[in-house]
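Taking it in order: structure first as structure tokens, then the write-up.
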Amino acid sequence: MPIPYSSIFDGPTIITKNDMCQLLNLDVSRAGLIFSAAEIKKAYHKRALRFHPDAQTRFAPPIPTEICNILMNDIVLARDYLLNGDDNILGKAFVENSESMVVNSGNWVDTVISILDGIKVGTSAVSYTVPWLSRLSNNFLMTLLLSTFANGQLNFRFINTFSAQLAAMRPYLQEIDGSSLAEFLHKIKSGLTATDELDAVAIVAQLKEILPKSLTENEKFDDLIAAIQGTGSELKELLTDDFIDHLQHIVYFWPNFVATIPSWTHITGVYFISLLFTATSLPKFFSATKTITEVIWEQKGAVATILAALPFTLLTALLLPLNIVIQFGIQFAWIAMKASLQVLVNSFKLLFSAFNLIRSVFNEEISFPQQAFALFESILNLTVRLSFNLVFELLDEMIFILSNHSVLSSLQNGFNSLLDSMLDSIRPEIVVHEIEPWSEEQLNAEDQGQLMVAYDHQEQPEEETVANTAAQAFGFFADTNFPLHNAQDLWLIQLLASVAVQQDEVHEHDEQTATPMSRVA
39 MPIPYSSIFD
49 GPTIITKNDM
59 CQLLNLDVSR
69 AGLIFSAAEI
79 KKAYHKRALR
89 FHPDAQTRFA
99 PPIPTEICNI
109 LMNDIVLARD
119 YLLNGDDNIL
129 GKAFVENSES
139 MVVNSGNWVD
149 TVISILDGIK
159 VGTSAVSYTV
169 PWLSRLSNNF
179 LMTLLLSTFA
189 NGQLNFRFIN
199 TFSAQLAAMR
209 PYLQEIDGSS
219 LAEFLHKIKS
229 GLTATDELDA
239 VAIVAQLKEI
249 LPKSLTENEK
259 FDDLIAAIQG
269 TGSELKELLT
279 DDFIDHLQHI
289 VYFWPNFVAT
299 IPSWTHITGV
309 YFISLLFTAT
319 SLPKFFSATK
329 TITEVIWEQK
339 GAVATILAAL
349 PFTLLTALLL
359 PLNIVIQFGI
369 QFAWIAMKAS
379 LQVLVNSFKL
389 LFSAFNLIRS
399 VFNEEISFPQ
409 QAFALFESIL
419 NLTVRLSFNL
429 VFELLDEMIF
439 ILSNHSVLSS
449 LQNGFNSLLD
459 SMLDSIRPEI
469 VVHEIEPWSE
479 EQLNAEDQGQ
489 LMVAYDHQEQ
499 PEEETVANTA
509 AQAFGFFADT
519 NFPLHNAQDL
529 WLIQLLASVA
539 VQQDEVHEHD
549 EQTATPMSRV
559 A
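Here this note's numbering is used: the first residue of the sequence shown is 39, the next is one more, and so on.
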């Protein structure tokens with residue numbers, strides 16, 4: 039029976055920083071998943087005490103020894119990767135599968151066959167997906183995606199991460215011709231106009247003209263021909279002129295994109311987009327500069343890096359103040375929009391309260407203290423609250439752009455909560471007049487369409503407490519009161535649950551295979 043846990047570093051996935059933090063039970067809600075070396079080592083030590091095979095007698099349920107050994111190895115790797123600042127680690131099976139996909143052309147044939155089988159099941163899904171994929175297949179969008187950040191790092195770094203896989207794929211992709219594929223599909227379409235049957239000999243001859251030798255000489259090539267023949271009626275419905283054009287664009291774009299990335303056009307686009315717009319703080323600006331330099335060094339070589347060093351440095355020095363101005367402009371415009379909305383809302387409240395205050399003089403049903411307080415609250419929001427919030431947000435954005443940390447947001451929330459609490463403490467009570475309950479004769483009387491309910495108490499406004507305000511870290515000091523671990527160790531809970539399920543299955547299997555004599559004994 040397979041064990042319920044296998045190493046995450048051996049799987050067919052990419053191990054992110056979030057995955058490694060969950061493995062060590064580090065707080066995944068912390069901004070940027072930034073932990074000091076001491077915190078990482080402390081979390082590792084605590085996990086080692088929990089996962090060590092000799093320590094399982096102190097815990098319930100205990101973790102089997104074979105799983106403990108795997109876990110001990112995983113937390114060591116997670117600790118080392120986090121200490122080195124590494125992210126997006128390729129799993130062992132992921133690397134093997136990608137290499138096998140490139141080296142073994144049979145995998146490509148299997149992929150095409152599975153796509154053809156999928157067409158039989160859902161032609162409409164394919165006809166919907168291909169046009170959208172065609173629209174997304176453009177250099178600008180890919181450059182824009184590579185210019186964004188994930189976990190505080192530029193996504194352009196994935197060029198180096200998948201460098202070996204891209205290099206292995208390029209020789210195969212260079213032999214694929216989008217125009218030849220379009221011509222082949224048009225021939226299939228014309229062959230299906232009169233009948234749903236396809237000529238296998240003609241298909242083989244045409245495919246040998248447009249596909250690489252490694253695919254046409256593969257032992258599974260006959261299966262591919264059979265799959266194409268078996269989807270005749272579906273292909274007849276699917277192969278419209280627009281669909282073929284979209285497919286031709288996809289087949290032309292992606293081999294060309296993989297074969298050329300990172301070209302100097304890609305590097306220049308990522309450079310300007312990231313350093314001007316997506317790098318929203320100075321730490322991200324310098325991190326993006328470092329990542330782009332590493333990609334140039336790795337993909338273009340030392341000579342190209344040295345030749346580009348001087349203009350690269352001068353241009354970066356010019357873009358730095360421009361980036362700060364752009365980021366300040368964007369953030370200040372956003373703050374101005376929020377402030378304008380607050381001014382508009384509170385101005386309407388002010389006018390409405392003033393109008394009701396005048397009405398309360400002539401109408402006893404309108405509470406004068408309530409309307410006077412509403413007028414006072416609107417004025418307070420337009421003056422004190424708005425002014426302090428503007429100062430907090432402006433300072434917080436300035437600090438964020440310089441340090442990539444929002445240190446005043448908790449202080450701002452504390453101020454607003456405290457102001458709300460003060461207003462609630464002096465807010466006039468809403469007096470609800472007591473109504474005598476109706477007698478049984480009144481309730482049974484004719485033409486009584488409304489039942490009056492008696493109140494024997496005054497409705498109290500719901501108070502907002504600030505009990506947690508004092509416990510909040512206002513952000514003046516780094517790592518103040520930041521939790522090291524998750525509030526609930528969901529990762530360990532799931533692991534223990536899977537272990538318990540396996541142990542129950544083993545126990546049930548032992549009972550079923552036990553001899554009658556052993557059961558009696």
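All C-beta atoms, glycine included, are put in the ideal place defined by N, C-alpha and C.
Residue i at chain B interface by Cβ criterion, 9 Å
i: F370; result: Chain labels in this structure do not include chain B; a single protein chain is all it has.
For residue i: DSSP bridge partner residues
i: I52; result: L128
i: A188; result: Q191
Contacts around residue i, its chain only, beta-carbon distance under 8 Å, and the 5 residues preceding and following it disregarded
i: L433; result: L446
i: Q541; result: P99
i: I52; result: N126, I127, L128, G129, F132
i: P169; result: D280, F281, H284
i: D48; result: G129, K130, A131
i: I364; result: L314, F315
Residue environment, residue i, which counts as buried when at least 16 other CB atoms sit within 10 Å
i: E497; result: With a pLDDT of only 46 at E497, under the threshold of 50, the placement of this residue in the model should not be trusted; the figure read from the coordinates follows. Answer is exposed; the Cβ neighbour count stays below 16.
i: D280; result: exposed
i: P99; result: exposed
i: H287; result: buried
i: H83; result: exposed
i: E435; result: buried
i: R117; result: buried
i: A535; result: exposed
i: P50; result: exposed
i: A75; result: exposed
i: R173; result: exposed
i: V289; result: buried
i: F515; result: Bear in mind that a pLDDT of 36 at F515, under 50, signals an unreliable position, so the number given afterwards is only what the model happens to contain. The residue is exposed, with fewer than 16 neighbouring Cβ atoms inside 10 Å.
i: P293; result: buried
i: S44; result: exposed
i: A264; result: exposed
i: E402; result: exposed
i: N31; result: Coverage of the chain is limited to positions 39 through 559, which leaves residue 31 absent and any answer about it impossible.
Beta-carbon contacts of residue i that lie in its chain and below 7 Å, excluding the five residues immediately before and after
i: F560; result: The requested residue 560 is not part of the displayed model; the chain covers only 39 to 559.
i: A346; result: I334
i: L125; result: Checking the displayed sequence, the identity of residue 125 turns out to be Asp instead of Leu. Counting only Cβ-Cβ distances below 7 Å, and skipping sequence neighbours, we find T54, K55, N189, Q191.
i: Q409; result: S391, N394, L395, S398
i: I282; result: A220, L223, H224
i: L457; result: R423
i: A342; result: I334
i: L211; result: P293, V296, A297
i: A326; result: L192, S312, L313, A317
Cutoff 6 Å; reference residue i; Cβ partners in own chain excluding five residues on either side
i: V399; result: none
i: G307; result: T181
i: E431; result: I373
i: S185; result: V308, I311, S312, T316
i: T329; result: L192, F194, R195
i: L388; result: S416
i: S201; result: none
i: N177; result: none
*Which full runs of the alpha helix (DSSP H) of 4+ residues lie inside the region 401-479, going along the chain?*
406-418, 424-441, 447-464
_Segment contact flag, the region 422-432 with the region 452-460, C-beta cutoff 8 Å, min 3 pairs_ = yes
*Taking one C-beta from the region 521-530 and one from the region 57-67 each time, how about it: are there three or more such pairs within less than 8 Å?*
yes
*On the three-pair Cβ rule with 8 Å, is the region 290-309 touching the region 397-417?*
no
*Spell out a yes or no on whether the region 361-370 and the region 438-445 are touching, meaning 3 or more CB-CB pairs, one atom from each, closer than 8 Å.*
Taking 8 Å as the limit for Cβ pairs, the verdict is that the region 438-445 does touch the region 361-370.
*Quick one: complete alpha helix (DSSP H) runs, 4+ long, within the region 160-184?*
161-174, 177-184
*Stretch pair the region 86-93 + the region 104-121: three plus CB contacts closer than 8 Å*: yes
*Can you check the region 290-347 for any beta strand (DSSP E) of at least 3 residues that lies completely inside it and give the ranges in chain order?*
none
*Whole alpha helix (DSSP H) elements within the region 43-94, 4-residue minimum*: Fully enclosed alpha helix (DSSP H) runs of 4 or longer: 55-61, 75-89.
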